[in-house]
Amino acid sequence: MTADWVGLFSGGKDSSWAVYRALEEGLSVTRLLTVHPAGDSYMYHTPATRLAPLAAESIGIDLVEVEPADFGAADVEDAGAQGDAELVPMEAALTEIAAAEGIDLAGVTAGAVESEFQTSRIRGMCDRLGIDLFAPLWGENPVELAESMIDAGFDIRIVQVAAYGLDESWLGRRYDHETLAKLLALREEYGVHPLGEGGEFETYVVDGPHMARRIDLTYERVWEGDRGHLEVTDAELV
1 MTADWVGLFS GGKDSSWAVY RALEEGLSVT RLLTVHPAGD SYMYHTPATR LAPLAAESIG
61 IDLVEVEPAD FGAADVEDAG AQGDAELVPM EAALTEIAAA EGIDLAGVTA GAVESEFQTS
121 RIRGMCDRLG IDLFAPLWGE NPVELAESMI DAGFDIRIVQ VAAYGLDESW LGRRYDHETL
181 AKLLALREEY GVHPLGEGGE FETYVVDGPH MARRIDLTYE RVWEGDRGHL EVTDAELV
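Residue numbering for the sequence shown follows full-length UniProt numbering, beginning at 1 and increasing consecutively.
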């Protein structure tokens, strides 16, 4: 049996970069795993996860999707307890993957940058399962990470915003060097994180060096006063 890796995957820039770096390092990523949150989440990227099958097809890696009705934590007020509860369906899916015939689960990739809340829980899950964690973004300089993604040829689009300085015009914008420069100016003025680590914005990768075909999106902008998102009406590989 080969040592199989699973990419924890949303389609956003950070999880996509983690998968890309794993492939560059020669890790055998044989599956991607997407959890579709029922609502707001402490542990998971939420926008546009329904596009994950298209991204997985373009990357050429099988996708496992987890669709819990909820995380069993609707009445939990403590954020830590809810974070633990949210991890349950992911761990169950990984346990099932590891039990499959011919699978020797070596580890998972994760796109965490600075969130100890998320990373400590994923590390704990890996310890329980006896597998490794490949987290190439963890602790790295966020500006250098952003530049590396852009320079590698990632076509990243902003699909959700929720921060001072980010208005409706940011929805659908390409995350390139010009956009990064504007985000760095907004960091000085409003404290906006250049990778959106504080939830200021969310992204989706529509093309990259690890993808065989580009994802073409048709969408409408939905603006709600001080925040907004893209409502994707159609998506296809081209």
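For every residue, glycine included, the Cβ atom is placed at its ideal position computed from N, Cα and C.
Since we're looking at a predicted model, the values are computed, not measured.
Contact under 8 Å by Cβ, residue i with residue j
i           : j      : result
Asp4        : Leu129 : no
Leu237      : Ser58  : yes
Val108      : Leu87  : no
Gly165      : Leu137 : no
Gly11       : Leu51  : yes
Leu54       : Ile215 : yes
Val113      : Glu197 : yes
residue 303 : Val6   : Residue coverage of the chain in this structure runs from 1 to 238, which leaves residue 303 outside it and unanswerable.
Glu200      : Ala146 : no
Arg21       : Ile97  : no
Trp223      : Glu168 : yes
Beta-ladder partner(s) of residue i, from DSSP
i           : result
Phe134      : Thr109
Asp104      : Ala3
Arg174      : Arg157
residue 240 : Lying before the first or after the last residue shown, residue 240 is absent from the chain, which here runs from 1 to 238.
Leu8        : Leu33
Element boundaries [alpha helix (DSSP H), containing residue i]
i           : result
residue 246 : Because residue 246 is not part of the residues shown, which for the chain are 1 to 238, the question remains open.
Leu145      : 142–152
Phe117      : 116–129
Ser41       : Element bounds for Ser41: n/a, residue is neither H nor E.
Thr95       : 79–99
Leu23       : 13–24
Supposed contact pair residue j and residue i - C-beta distance, whole angstroms, cut 8 Å
i      : j      : result
Arg173 : Ile158 : 5 Å
Pro194 : Ala152 : Contact flag wrong, Cβ pair sits at about 16 Å.
Arg121 : Asp84  : 7 Å
Thr119 : Ala99  : The pair is not a contact, with the Cβ atoms about 25 Å apart (cut-off 8 Å).
Val66  : Val35  : 5 Å
Val161 : Arg227 : 6 Å
Lys13  : Phe117 : Their Cβ separation, rounded to whole angstroms, is 19 Å, which puts Lys13 and Phe117 out of contact at 8 Å.
Distance, residue j Cα to residue i Cα
i      : j      : result
Arg187 : Tyr204 : 21 Å
Val29  : Asn141 : 25 Å
Glu220 : Thr233 : 7 Å
Glu25  : Gly225 : 44 Å
Leu8   : Ser15  : 7 Å
Leu133 : Met125 : 10 Å
Ala73  : Ala81  : Note that Ala73 scores 48 on pLDDT, short of 50, meaning its location in the model is unreliable; the coordinates nonetheless yield the value given after this. Computed Cα separation, rounded: 8 Å.
Arg213 : Tyr175 : 19 Å
Leu183 : Ile103 : 43 Å
Glu47  : Ala185 : Note that residue 47 is Pro in the sequence shown here, rather than Glu. The alpha-carbon atoms of Pro47 and Ala185 are separated by roughly 25 Å.
Gly139 : Trp17  : 14 Å
Ala92  : Met211 : 28 Å
Ile131 : Met90  : 14 Å
Gly191 : Leu180 : 14 Å
Extent of the continuous beta strand (DSSP E) run through residue i
i      : result
Gly228 : 228–237
Glu202 : 201–207
Val222 : 215–223
Thr30  : 29–35
Arg157 : 155–161
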